[in-house]
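Sequential numbering from 630 applies to the sequence shown in the numbering used here.
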Amino acid sequence: MASMVSCKKKDSESGEFRVGMECDYAPFNWTQADEGEGTVAIAAGGYAGGYDVEIAKRIAEGLGKKLVIVKTEWEGLTPALTSGRIDAIIAGMSPTEERKETVNFSKPYYDSDLVIVVKKDGPYASATSIADFAGAKITGQLSTFHYTVIDQIPNVNLQTAMETFPAMIVALDSGKIDGYISEKPGAISAATSNSNLTFVEFAAGSGFSYELEEVQIAVALDKNNKDLEKINSIIDSITEAERETYMINALNNQPLVDE
């Protein structure tokens, strides 16, 4: 116990702002081999880019600290935060009630909605309602809210949750699944980088039911972190125009799959 407390104290008093993210969820965050526009070096090698990276840069600047990106698998993000290995999670994470039991969240820095990514030439590309996906093989990312809404599709053929979005794209491309749940920016990213894919979005009353906070994205902090108010103030200072520009740039700068 003493060693864990010491670790947290050391991190909080250092000149670094260590941010955990998958670096595998474009356009929010991704990995690339070479330095590029707006990228930040990853502690273990390579460079991270994306919307989350831009938000992390603004927060680090506001805190007067050096930004360090710590590439971490989704399942390992919360343990890394609570153990003191990182100072914050900025990784497209929604502030759900379940997560709030373990960590604190900032104000939202992005609002999204849920869509289903499908093959462009597949039988579900023209769907307009989740009811049109009856019998479809649908999945979502492991340990996310996305996966829990799939049961709202009548008679859905629920598939095992997958660990990453790239894994779901491969499964969809190969025909192993008919679609996967995504936030709209992630779906735009998938369709932009892979010409075989598109996504279905839904009019009010035709899509998934969920609470607003479940599709908002916020910064996660350890409950002992004293910077929550400062971070909220920094987030408030980022205008809607700046946020829109960050997302447009992320979509334009993301690594592409197609030739």
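Ideal Cβ placement from N, Cα and C applies to all residues, glycine included.
1. Is DSSP giving GLU645 helix, strand or coil here?
2. Measure the beta-carbon distance from GLY804 to LEU743 and round it to whole angstroms, keeping in mind my assumption that it falls under 8 Å.
3. Counting Cβ pairs, one atom from each stretch, are 3 or more of them under 8 Å apart for the stretch 850-861 and the stretch 758-776?
4. Scan the stretch 750-836 and note each continuous beta strand (DSSP E) run of 3 residues or more that stays entirely inside, going in chain order.
5. Do you know whose CA, among PRO783, SER735, GLN770, ILE810, lies nearest ILE860's CA?
6. To the nearest angstrom, how far is the alpha carbon of ASP640 from that of GLY691?
7. Just to confirm my understanding: we take TYR753, look at its own chain, exclude 5 residues before and 5 after, and list those with CB closer than 8 Å. What are they?
8. Quick one: give me the first and last residue of the alpha helix (DSSP H) that ASP865 is part of.
9. Are ASN786 and ALA720 closer than 8 Å when you measure CB to CB?
10. Which of the three DSSP states is assigned to ASP653 in this structure?
11. In angstroms with no decimal places, state the Cα-to-Cα distance between TYR875 and ALA849.
12. Quick one: measure Cβ to Cβ for ASN882 and GLU651, integer angstroms, because I've assumed they're closer than 8 Å.
13. Between which residues of its own chain and ILE817 is the CB-CB distance below 8 Å, once the five residues before and five after are set aside?
14. Look at the alpha carbon of CYS636 and the alpha carbon of GLU645, and state the distance between them as a whole number of angstroms.
15. How long is the line joining the alpha carbons of MET797 and ASP750, rounded to whole angstroms?
16. Quick check: the Cα distance between LEU801 and PRO795, rounded to an integer number of angstroms?
So, to answer that:
1. In this structure, GLU645 counts as strand in the three-state DSSP scheme.
2. Rounded to whole angstroms, the Cβ separation of GLY804 and LEU743 is 23 Å, and the two are not in contact under 8 Å.
3. At 8 Å Cβ cutoff, the stretches do not touch.
4. Unbroken beta strand (DSSP E) runs of no fewer than 3 residues, entirely contained in the stretch 750-836, are found at 766-768, 808-812, 826-829, following chain order.
5. Ranking PRO783, SER735, GLN770, ILE810 by CA distance to the CA of ILE860 puts SER735 first.
6. In this prediction, ASP640 scores a pLDDT of 45, lower than 50, which makes its location untrustworthy; the coordinate-derived value is nonetheless stated afterwards. Between ASP640 and GLY691, the C-alpha separation is close to 17 Å.
7. Here the set comprises ILE745, VAL747, ASP761, PHE762, ALA765, ASP807, GLY808, VAL829.
8. Residue range 857-866 is occupied by the alpha helix (DSSP H) that includes ASP865.
9. With a cutoff of 8 Å on beta-carbon distance, ASN786 and ALA720 are scored as not near each other.
10. ASP653: coil per DSSP, three-state reduction.
11. In a straight line, the C-alpha of TYR875 is about 20 Å away from that of ALA849.
12. In this structure ASN882 is not in contact with GLU651, their Cβ atoms being roughly 17 Å apart against a cut-off of 8 Å.
13. Excluding sequence neighbours, ILE817 sits near PRO656, PHE828, LEU880.
14. Per-residue confidence for CYS636 stands at a pLDDT of 44, beneath the threshold of 50, marking its modelled position as unreliable; the derived number appears in the next sentence. Looking at the backbone, the Cα of CYS636 and that of GLU645 are separated by about 13 Å.
15. Each residue's alpha carbon lies about 17 Å from the other.
16. Looking at the two C-alpha atoms, the distance is approximately 10 Å.
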